[in-house]
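A short worksheet on the structure shown next.
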Amino acid sequence: GAAAAENMPKKIGYVVNYATHEWYQNVIKGMKDRAAQLGIELEVKDANLDVAKQVAGAEDFMAQGVDVLIITPVNEEGVVPLLRRAKAENMPLVLEGNPVKGMTTMVAICDYDTGYHAGVAAGQYAKEHLGGVAKVMNVGLPLLSATVLRSNGFMDGIKTEIPEATLVHDLDGGGNPDRALEVSSAALAQNADVNIIYGINDNSSLGGLQAWKAAGKSQDGLLVVGTGGEGLAFINAMETEPSYKIEAAMFPEKVGFTAVDAAVKVFNGEAVPEHIVSPTTPMIGADWKKYYSVEGTTRSINWDAVNGVKPADKCMKTAADLK
Amino acid sequence: MPQSVSSLAAAPAGPSLLRRLARRNEIALLLSLLAVIAFFALASDTFLTTRNLTNVLGQAALPLVAGIGVAIVFISGEVDVSIGSLVAAIAIPLITIMNATESFALGVAGALALGLAVGVVNGYLAAYLGINSLIVTLGTLFILRGGVYLYTGQRAIPDDVMLESFFQLGNGRLFGVVPHPAVIAVILLIAFAYFLRHRPFGRQLYAVGGNPEVARLAGYNVRRVKFVAFVISALLATIAGILLASRLGSAVHVAGLGFEFQVVAAVVLGGVSLSGGVGSLAGMALGVLILQFVSNGLGMLNIATEWQLVITGGIIIAAVAFDELKRRRA
Amino acid sequence: MSTETLPARKPGAGMSLVSDRSQIVLLGILALLCIAISLAAPQFYTGANVIAILRQCALVLIVATGMTMLLVAAEVDLSVGASLAFTGCVGMDVTNRTGSLVLGTLAALAFAGGVGLFNGLVVTRLKVNSLIATIATMMMLQGGVYLYTREAVQNLHQIRAFTELGAGYVGGLPIPVLIAALIFIAGFVALRFTTFGRYLYAVGANGKAARLSGLRAERLKLVAFLATGLLVGVAGLILASLMNAGQPTAGRGFELTVIAAVILGGTSLSGGRGTLVGTLLGVLVLKVIDNGIIILRWNQDLQMVVPGVVIILATWLDLVRRRRDAR
Amino acid sequence: MPADPALRPAAEAAAAPALEMRGIGKRFPGVIALEDVDLVLAPGKVHALMGENGAGKSTLIKIMAGVYGKDAGSIRIGGRETELRTPRDALAQGLKVVFQEIALIGEFTVAENIFLEQYPVGRAGSIDWKRIRGEAAALFARIGFDVDPAAKTGDLPISQQQMVEIARALAHEARIVVMDEPTSSLTPSEVALLFAVIRRLTALGIAVVYVSHKLDEVFEIADEVTVLRDGRHISTKPIGAHDHDSLIHDMIGRRIENLFPRSRGHHKGEVVLSVSNLSTDAKLKDVAFEARAGEVLGFFGLMGAGRTELAKAIVGFDPIRTGTIAIGGRPLKPHDTRTGVSLGIGLLSEDRKGEGLMLELPVQQNMSLAALENFSRAGFVEEGRERSAVQSFVDRFRVKTPSLAQPIKNLSGGNQQKVLIARWLMRGLKVIVVDEPTRGIDVGAKSEIFALLDRLAGEGLAVVMMTSEMPELLGLSDRILVMAGGRITAGFERDAATQEKILNAAIG
Ligand SMILES: Nc1ncnc2c1ncn2[C@@H]1O[C@H](COP(=O)(O)OP(=O)(O)OP(=O)(O)O)[C@@H](O)[C@H]1O
Ligand SMILES: Nc1ncnc2c1ncn2[C@@H]1O[C@H](COP(=O)(O)OP(=O)(O)OP(=O)(O)O)[C@@H](O)[C@H]1O
Ligand SMILES: O[C@@H]1[C@@H](O)[C@H](O)OC[C@H]1O
Ligand SMILES: [Mg+2]
Ligand SMILES: [Mg+2]
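The listed protein sequences derive, respectively, from chains A, B, C and D.
Residues in the first sequence are numbered consecutively from 903, following my numbering.
Residues in the second sequence are numbered consecutively from 10, following my numbering.
Residues in the third sequence are numbered consecutively from 273, following my numbering.
Residues in the fourth sequence are numbered consecutively from 284, following my numbering.
Following this line, the structure appears as structure tokens:
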């Protein structure tokens, strides 16, 4: 925890890339909770997937006189000049999610590792329940390096268990539920032998699963693996869908929490690592109940359990490895 | 009642200018803009600071510059929605060439070359082949965006050489106060406003949009006029794209998504008619500024994006409806 | 001498109901696409894939039926994508709360119909150009849906009939396809054979003349907006069923797909011209391209490039054909 | 066709012709618009071009103006063979045209429209707006037209727009001035001004082509007449060689015994239209009148008197401020054409293109629009019945069209007007309001339209006719009301009306 002796910034501005996404909703929730604990005012501006708007939002924050900026880049290259300008104005800045040239620090999960461990778990499951066969349909999102890393990690992880695992269809599902559904329908029509569906986020895995169901196929012999644990959707799926067995939890609340702590440190000029890793872990079957509880339509995070998940010291692979 | 010839001949400019002004919706837009500014100035203590106002001008520069082109195409009776992808696409030659040659000028030349090519293609397909321009530019919107994704493999291309001149273009401030993009936008606005009002070709744009048949009978080359409008629009989108690339320090494949909507909404809000022949750059500029100040002001008040969208949508409907009502009264 | 009408047809073009000459280009493109894709990837014409394509077409076609009417009446609705997502959330939420599919369905239809009505009123009463009015509605819905729900609305009721709506089959055909077919036929008949349809063309071709002839131009447009809204409601429910959730993030760009299909089908943007057969072909062409690119395992970025090219090309070919016919 | 070669104008003028068109041919899909037509213009002469609707006059003019390409023939201007590929070519040769359809940019000021073809530019290529305003005002002063050069053109009534059109043709140096029905919306005094201008032009050696369906005008102003019929050259004669009958005969191939075939003794029936206390925001003040079944009620007025506004108000098209309108004793909901039409009142607008035609749609759809319910059952259109009804009207009115599927934009103005009248006859009305019903319509069609209106009255309709044509007013009306400044200023029984009294009342 942050020491009470530290100077607290009065106001933190967070420019999120896409506030309406459940993942970021929960990141923001984590930030707000932490900020409230520390008596900091937190304001959020949404870039709504528009890089220009993101730069404008950060400019507005600087004009408003916030003490620290947190940014989840819409695109990691597109905020390089912004970082330069913030530095010129001595504006402390923390990044979330993606590294940017010239940054001080970033709070992020290890996307590759997240996919990788889910892949390992999937390989084990396939050995036990699917006769060791792994024909994967990846409902991916080439748009973002983070999501590409997850897919890559997943395939690498599954191959550690089943070396002959194949990626039979590599799709761009746009990260959207309806687009994921549509492209998966076509791919499933072409490849009848798919038996594992991997999605880079919950929308993607669920889109793939729904396409499967709409094609009138039984879920026997199918494994669906999702990523994120972003909201309620995956819980619902794990409870009701027989094939939805693995979810790579990324604990967005924890990311938000950690980002605020990092912001305080940067504000105080403390030394911080370049990459502050936020933990992830595969959840298999009913594991999710360890980390979350659901009441009505709100979920609550079980901090003790989440804080018990040890983050990696260093990511196995990062965006830099994609180039 | 028509006035007598002699009375008007005596005073050619005075009364007609006043009457023209009174009827113009620019006045209403200006009042709306002032009302918006006044409201936020009262509601937020950080809104009415030089820093914030100049920020907004800098942010408005992109839609302003591209809006000039879109307005010109609208005035000529056509539409151009390809600009959203074009602003992203031109950054590719710009950044790639700068990375390879370390020359800002060569990069800009490359960007302009691509912009020109897109304008020529749009113009040729729409004006010379006669394909509906919404279809053409919707097509190029898709093609360019897809092309950007294909070319970049959906990775942004970073600026490796970091030329200071390039950085300053989008991020620097004149006298440390006015953002360079705002300066460029104002210069372009004045130049094109002059061009539309005082050059025969500018009037041809209005005539061709107002009534192409009449324009043809008056001896205009309607196709060529429209063709040029598309080229102008593409070149202005190119300039906007260069400014954007400088602000982003890279060629970002997702830049400009939905930019065409933003600009079209502002242009129409500014009173530039979709059916051609009507509208002014002043109106367009006011439309852009109103939307930009609303978005900035709501942000200053810490109003959530959800509400910002709802409020902006409501403002657009109210403003256009008000303008229409006023017109019917008149 | 034959004096067939609507749309202006050449005497002797006896292809009658199925298609008239004006669709020849699209029909050709569609056939060409299907043959080419099948040759390269035989899976294209498997039953499973045909059904997958048809189901994707269904959603677009349902909304495009309304959009064609709007364009014929010289109006347009860009809010359909945003409304689609919102409707699904409303339908799912109300069904969850009441446990009644009927109430959920009614709520969804009422909501989507209400959006259509709102658009119609803004356009016909406040006289706001429909392009700009519905961009504004789109923004309001995009914001509004997150005010309504921040998360996807999960299927908590698990009513079977609801799941069937999107994923069920009747006689080997997916239910959405059957629904789309019924709506298409109803729309086709309405536009082609009824006074209502004829009036829409008239209103689109010359609103003042229509009004002077005793037509309620504004009301006709209002009906077209309302119909489009209701059809969005139907599509929204199907989509929610297919996704097993009300998804506030769904429907991005859906409006462009619908409009692209309609104009690809030869419906004029300036009103008074267009057919639903054209729209059907437009939808098929776009969705076959989308599907083909995946089946062929091409880079999916081509899913933007190829339709862009095809829309321009088809429009141009059609222009050439019409100019030649006119000679 | 009796195209007597001896009558061809070749051997005529001694001076080199200003324009010489030989063997001109032009076809449109399904239509031969012109075939082997000659036209020779002598400098300083007014050459009238006459013919029925659809005879090919406008087409010939558009060919000389570079708007249409010709399929056959040759054109010489000032003795030199030329190709006129675009309007620009024709303008460059000094050929100015006043087109039949108003060709102005509605959003521009009058002054700017005058200089549309060639903006005067000052230093550095900037438009010289001061000169434009000054010269436009001077031009109007010179011609004597009363038009405000600073007005937005689209705001002006059609008649004033027509004056602007004419002025524009005179603004630049011209060798040939072509006027395609320039007076269709002008009042007699404006026509007189125009004729004075034409005489000044011819005195300068400018050749003038003059197209009009108003025979009196032609006899007054023309030196020579060329008649076209069905796209063919029929005759070219000095005007002195013609009288009314011979000219009509050349034009339509038959005689017209009586242009205004009034079957006297219309049985005046009940009051079917009664208007009281009618005022609008714009112009009308306290208008009250009645129209009875079986009568033709003529409204006369000068331009801007308010007839068109009255017409649009009483059919429910425009909103009103005060007053009541009753059709057959039942009140009309103002600003609601639907009850208007169902109560039995309909308007034939003076603005054919803007308020009548659906240009892109076929003749059939255009004609059946108002009557579609008559051909429908349970909301479904019975196209067979519709088609045969349309066909029978096409036959009866002799609408010249290759098929019912022809887009109506391809028909000549007169034929379009017939379709629009048929639109109402098909529907069946109690009161038909016709606003300038014969604007731009040839004498043959005119007589048919008059006969038709007369017959309709005979059949018990009330015909309310707004017109600026004195002969038409006097020839057809049973009763005449005169408007000025938005009020009814006088009323006459037909037998008590004289041209003088009417004009006096119209001046107000
Ligand atoms: N663009 C066109 N396409 C097809 N047919 C046309 C076109 N323009 C004219 N026509 C046809 O050519 C013929 C000649 O028309 P034109 O307009 O020259 O007649 P006009 O003598 O000027 O008649 P009016 O007195 O009614 O103006 C008519 O049959 C008309 O329908
Ligand atoms: N200020 C104006 N703005 C737009 N249109 C106008 C204006 N004044 C008149 N008009 C139009 O011009 C025409 C003149 O109609 P009005 O009723 O005033 O006179 P009228 O007696 O019918 O004379 P006219 O012979 O010119 O038709 C109508 O079509 C009217 O709509
Ligand atoms: O779906 C989300 C993706 O879009 C973002 O980039 O990372 C978190 C994900 O779960
Ligand atoms: Mg003519
Ligand atoms: Mg009138």
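Each residue gets a CB set at the ideal place from its N, CA and C atoms; glycine is no exception.
Following the DSSP letters along the chain, one finds A:Gly1055 inside the alpha helix (DSSP H) bounded by residues Ser1047 to Glu1063. For D:Gly696, the Cβ falls inside the 7 Å cut-off from some heavy atom of ligand 4. For D:Ala457, the three-state secondary structure derived from DSSP is coil. Following the DSSP letters along the chain, one finds D:Arg515 inside the beta strand (DSSP E) bounded by residues Arg515 to Pro521.
The shortest C-alpha to C-alpha distance from C:Ala357 to any of C:Phe497, C:Thr421, C:Val442 and C:Ile455 is the one to C:Thr421.
Counting C-beta pairs closer than 8 Å gives fewer than three between the segment 1024 to 1036 of chain A and the segment 988 to 999 of chain A, which falls short of the contact rule. C:Ala424 has its alpha-carbon roughly 21 Å from the corresponding atom of A:Val1157.
Burial check for D:Asn560: the Cβ neighbour count within 10 Å stays below 16, so the residue is exposed.
C:Thr547 sits buried, since 16 or more C-beta atoms from the chains shown fall within 10 Å of its C-beta.
In this structure, A:Arg1081 is the residue among A:Glu1172, A:Ala1048, A:Thr1129 and A:Arg1081 with its C-alpha nearest to the C-alpha of C:Gln572.
When 9 Å is used as the limit between beta carbons, C:Arg524 is near these residues of chain A: Gly1076, Asn1078, Asp1080 and Arg1081, in chain order. Secondary structure at C:Gly525: coil, using DSSP grouped into helix, strand and coil. According to DSSP, D:Leu764 shares a beta bridge with D:Phe582 and D:Gly774. The C-beta of D:Gln401 has fewer than 16 other C-beta atoms within 10 Å across all chains shown, which makes the residue exposed. In this structure, B:Gly250 and B:Val96 form a Cβ contact; the two beta carbons are roughly 4 Å apart against a cut-off of 8 Å. Not a single CB atom of chain D sits nearer than 8 Å to the CB of C:Ser402.
Setting aside the 5 residues that flank it on each side, D:Arg777 is surrounded in the same chain by Leu757, Ser760, Asp761, Arg762 and Ile763, each with a C-beta closer than 8 Å to its C-beta; the list follows chain order. Within chain D, no C-beta atom comes nearer than 8 Å to that of B:Ala238; the closest sits roughly 16 Å away. Within a 10 Å sphere around the beta-carbon of B:Ala98 sit 16 or more other beta-carbons, which makes this residue buried. The beta-carbon distance between A:Arg1201 and A:Thr1129, rounded to whole angstroms, is 17 Å. This is too long to meet the 8 Å contact definition. When the five nearest sequence neighbours on each side are left out, the beta carbons in the same chain lying within less than 6 Å of the beta carbon of A:Ala1036 are those of Ala1028, Ile1060, Ile1064, Ala1067 and Ile1098, in order along the chain.
Among the residues of chain C, those whose CB is under 8 Å from the CB of A:Glu1084 are Gln328 and Asp562, following chain order.
Bounds of the beta strand (DSSP E) holding A:Lys1037 are Lys1037 to Gly1042. Beyond the five residues adjoining it in sequence on each side, B:Gly258 comes within less than 8 Å, by CB distance, of Pro167, Asp168, Met171 and Phe176 in the same chain, given in chain order. DSSP places A:Glu1149 in the strand class (E or B) of the three-state scheme. The beta-carbon separation of D:Val717 and D:Leu631, rounded to 4 Å, stays under the 8 Å limit for a contact. When the beta-carbon positions are compared, C:Gly501 and C:Val387 come within less than 8 Å of each other. Annotation: C:Val557 to C:Phe316 spans about 14 Å, alpha carbon to alpha carbon.
Identification of chain C residues near D:Val746 by a Cβ-Cβ cut-off of 8 Å yields none; the smallest Cβ-Cβ distance measures about 17 Å. Distances from the alpha-carbon of B:His262 to those of B:Pro102, B:Leu40, B:Ala37 and B:Leu42 put B:Pro102 closest. Not one heavy atom of ligand 5 lies closer than 7 Å to the C-beta of D:Met766. Within 7 Å of the C-beta of C:Gln328 there is not a single heavy atom belonging to ligand 4. Partner residues in the beta bridge of D:Thr750, as assigned by DSSP, are D:Phe583. Taking the Cβ atoms as the reference, D:Thr436 lies roughly 6 Å from D:Phe391, within the contact range of under 8 Å. For B:Arg233, the closest Cβ of chain D is not nearer than 8 Å. By the C-beta criterion, the segment 525 to 535 of chain D is judged not to be in contact with the segment 347 to 359 of chain D, since fewer than 3 inter-stretch pairs fall below 8 Å.
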